[in-house]
Amino acid sequence: MSQQNPLIFDRKKIKQQRQRGMKQSGDHNFLIDWASKQLISRLDVVKRDFSSVLQVGCRTPLPLENVDHIVTVDLAGTPMVCADEEFLPFANDSFDLIFSALNLHTTNDLPGTMLQLKRALKPDGLFHVALLGGETLHELRDAFTKAEMEINGGMSPRVAPFADMQQAGSLMQRAGFSLPVVDSEIVTVTYEHPFKLMHDLRFMGEGNALLDRSKSFNNRKLMMRAAEIYQETYTEEDGRIPATFEVIFMSGWSPHENQQKPLKPGSAKVRLSEALDTQEISTDEKATP
Numbered sequence: 613m614s615q616q617n618p619l620i621f622d623r624k625k626i627k628q629q630r631q632r633g634m635k636q637s638g639d640h641n642f643l644i645d646w647a648s649k650q651l652i653s654r655l656d657v658v659k660r661d662f663s664s665v666l667q668v669g670c671r672t673p674l675p676l677e678n679v680d681h682i683v684t685v686d687l688a689g690t691p692m693v694c695a696d697e698e699f700l701p702f703a704n705d706s707f708d709l710i711f712s713a714l715n716l717h718t719t720n721d722l723p724g725t726m727l728q729l730k731r732a733l734k735p736d737g738l739f740h741v742a743l744l745g746g747e748t749l750h751e752l753r754d755a756f757t758k759a760e761m762e763i764n765g766g767m768s769p770r771v772a773p774f775a776d777m778q779q780a781g782s783l784m785q786r787a788g789f790s791l792p793v794v795d796s797e798i799v800t801v802t803y804e805h806p807f808k809l810m811h812d813l814r815f816m817g818e819g820n821a822l823l824d825r826s827k828s829f830n831n832r833k834l835m836m837r838a839a840e841i842y843q844e845t846y847t848e849e850d851g852r853i854p855a856t857f858e859v860i861f862m863s864g865w866s867p868h869e870n871q872q873k874p875l876k877p878g879s880a881k882v883r884l885s886e887a888l889d890t891q892e893i894s895t896d897e898k899a900t901p
């Protein structure tokens, strides 16, 4: 019997947050727009036209050219297909490209979702997504942890436990993608005050949706103390506070017989020392200065 993945996120709450954010997004979608543009720019090196595309998440437009058919799916808003990303209604081998900008990091079963997406790709189709990584909002997490320990003698989770790069790579392999590539970029945004950051997160649709979050109304004393700690600890020389967002980019291909294959171990015809024009040293020798 397979082990069931633990539930982390309140998907009903996430739907509410996204719907609220889409109504008043304005300038608050800057991070999602940035991630989408980064994904588009990375497609420039892929010499391929994609006739059928699935966009997971409809909070930002997808300005792709030479595409015959684009389907958007989202839990909220007004996508072409309204569905939970954890239960996708698409047949196998349906799309040439699956594209998602900051939409998959709040799924409870990310491995299962990625497996469904891989199955929805045609052979040699591309999975090309960005999601928030583990360094995201570490300052805010630190400030709330210290404030709650000081005031309540304990803590409740307030920032999601996002995956790191190593975990993302493992997820790609587990889902069965070929030629996986994973990298990340740190985006630092500065604010006049921590409450400005919280306002952005609210209307970005990225508020606290953890199942184990405190269900009581936020204590004003706690909020004020967390803001004080944030400013005391992280204020920069210009008086503004930084907020870190780690964006992890993941790309991989649905397997196909014509794809490049890694060489078998020991099949190289040229020694590495020759390629680098250097002296080879065995494990039982010491290098001479």
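Just so you know, we're using the working numbering here: the sequence shown kicks off at 613 and counts up by one. Positions of the beta carbon are idealized from the N, C-alpha and C atoms, including for glycine. This one's a predicted model, so the numbers in the text were calculated from it and none came from an experiment.
Using 9 angstroms as the threshold, is the C-beta distance between G819 and R671 below it? In the sequence shown, residue 819 corresponds to position 207, counting from 1. In the sequence shown, residue 671 corresponds to position 59, counting from 1. With respect to R671, G819 sits apart: the two C-beta atoms are not nearer than 9 angstroms.
Using 8 angstroms as the threshold, is the stretch 652-669 in touch with the stretch 712-719, meaning 3 or more CB pairs across them? The way I'd put it, the stretch 652-669 does touch the stretch 712-719; three or more beta-carbon pairs between them come closer than 8 angstroms.
Simplified DSSP assignment, three categories, for E760: Counting from 1 along the sequence shown, the entry for residue 760 is found at position 148. Residue state, collapsed to three classes: helix.
Between D754 and D721, what straight-line distance do the alpha-carbon atoms span, to the nearest angstrom? Taking the first residue of the sequence shown as position 1, residue 754 is located at position 142. Taking the first residue of the sequence shown as position 1, residue 721 is located at position 109. Near 26 angstroms, if we compare the C-alpha coordinates of D721 and D754.
So F699 and L823 are supposed to be a Cβ contact under 8 angstroms. How far apart are they, rounded? By one-based count along the sequence shown, residue 699 stands at place 87. By one-based count along the sequence shown, residue 823 stands at place 211. About 18 angstroms; that fails the 8 angstroms criterion.
Return the bridge partner residues of P854 from the DSSP annotation. Here residue 854 is taken as the residue at index 242 of the sequence shown, counted from 1. Note: P854 is bridge-paired with T802 in the DSSP secondary-structure output.
If you reduce the DSSP assignment to three classes, tell me which class V657 lands in. By 1-based counting over the sequence shown, the position of residue 657 is 45. Helix, per DSSP.
At the level of alpha carbons, what is the spacing between M810 and A742? Along the sequence shown, one-based indexing puts residue 810 at 198. Along the sequence shown, one-based indexing puts residue 742 at 130. Taking the straight line joining both Cα atoms gives about 22 angstroms.
Do E858 and G746 have their C-beta atoms within less than 9 angstroms of each other? Counting from one through the sequence shown, the residue named residue 858 turns up at place 246. Counting from one through the sequence shown, the residue named residue 746 turns up at place 134. Yes, the pair counts as a contact, with Cβ atoms nearer than the cut-off.
Which residue comes first and which comes last in the alpha helix (DSSP H) that contains T725? In the sequence shown, the residue the question calls residue 725 occupies position 113. Counting along the chain, the alpha helix (DSSP H) containing T725 begins and ends at L722 to A732.
Between L738, R623, V793 and E751, which lies nearest to E709 when the distance is taken from Cα to Cα? Residue 709 sits at position 97 when you count from the first residue of the sequence shown. The identity of residue 709 in the sequence shown is Leu, whereas the question assumes Glu. Taking only the C-alpha atoms, the option nearest L709 is L738.
Taking the alpha carbon of L687 as the reference point, which residue from H805, P723, Q872 and R632 has its own alpha carbon closest? Counting from 1 along the sequence shown, the entry for residue 687 is found at position 75. Per the Cα distances, R632.
Which two residues bound the contiguous beta strand (DSSP E) that contains T748? Along the sequence shown, read from residue 1 onward, the residue named residue 748 stands at position 136. No beta strand (DSSP E) contains T748, which DSSP labels as neither H nor E.
For F702, which of L733, L674 and Y846 has the nearest alpha-carbon? The residue given as residue 702 occupies position 90 in the sequence shown. Across the set L733, L674 and Y846, the C-alpha of L733 shows the shortest separation from the C-alpha of F702.
Let me know if E869 comes out buried or exposed under the rule of 16 or more other beta-carbons within 10 Å of its beta-carbon. Looking up residue 869 in the sequence shown gives position 257. For E869, the number of other beta carbons within 10 angstroms of its own is below 16, and it is reported as exposed.
Proximity winner among M862, T847 and F861, relative to A855 (alpha-carbon distances): By one-based count along the sequence shown, residue 855 stands at place 243. Checked all of M862, T847 and F861; the closest Cα to A855 is T847.
Measure the C-alpha to C-alpha separation of S663 and L749 and round it to an integer number of angstroms. As a working mapping, residue 663 is identified with position 51 in the sequence shown. As a working mapping, residue 749 is identified with position 137 in the sequence shown. The straight-line gap from Cα to Cα measures roughly 37 angstroms.
Could you check how far apart the C-beta atoms of A695 and K730 are, in whole angstroms? I think they sit under 8 angstroms. Here residue 695 refers to the residue found at position 83 when the sequence shown is read from its first residue. Here residue 730 refers to the residue found at position 118 when the sequence shown is read from its first residue. With a Cβ gap of about 17 angstroms, A695 and K730 do not count as contacting.
Report all residues from its chain with a CB closer than 6 angstroms to the CB of T757; omit the five preceding and five following residues, and keep chain order. The residue you call residue 757 lines up with position 145 of the sequence shown. In chain order, M767 place their CB closer than 6 angstroms to the CB of T757, counting only its own chain and leaving out the 5 sequence neighbours on each side.
Using a Cβ-Cβ cut-off of 8 angstroms (strictly less than) and excluding sequence neighbours within five positions of T900, which residues of its own chain qualify? The residue you call residue 900 lines up with position 288 of the sequence shown. Because T900 sits at a pLDDT of 47, beneath the cut-off of 50, its placement in the model cannot be relied upon, and the point is left open.
Return yes when the Cβ of D795 is within less than 9 angstroms of the Cβ of I860, no when it is not. Sequence index remark: in the sequence shown, residue 860 carries index 248 (1-based). Sequence index remark: in the sequence shown, residue 795 carries index 183 (1-based). Against a cut-off of 9 angstroms, the Cβ pair of D795 and I860 comes out as a contact.
Straight-line gap, G765 to R832 (C-alpha atoms, nearest Å): To locate residue 765, count along the sequence shown from 1; it is residue 153. To locate residue 832, count along the sequence shown from 1; it is residue 220. Going by the C-alpha atoms only, they are around 16 angstroms apart.
If you follow the alpha helix (DSSP H) that I841 is part of, which residue opens it and which one closes it? Residue 841 sits at position 229 when you count from the first residue of the sequence shown. Note, I841: alpha helix (DSSP H), R832 to Y846.
Run the CB neighbour count on E760, radius 10 Å, all protein chains shown included, and call it buried at 16 or more, exposed below. Position 148 of the sequence shown, counted from the first residue, corresponds to residue 760. Its Cβ being crowded by 16 or more others within 10 Å, E760 is buried.
Run the CB neighbour count on E697, radius 10 Å, all protein chains shown included, and call it buried at 16 or more, exposed below. Residue numbering aside, residue 697 sits at position 85 when the sequence shown is read from its first letter. Of the residues assessed, E697 falls on the buried side of the cut-off, its CB having 16 or more other CB atoms within 10 angstroms.
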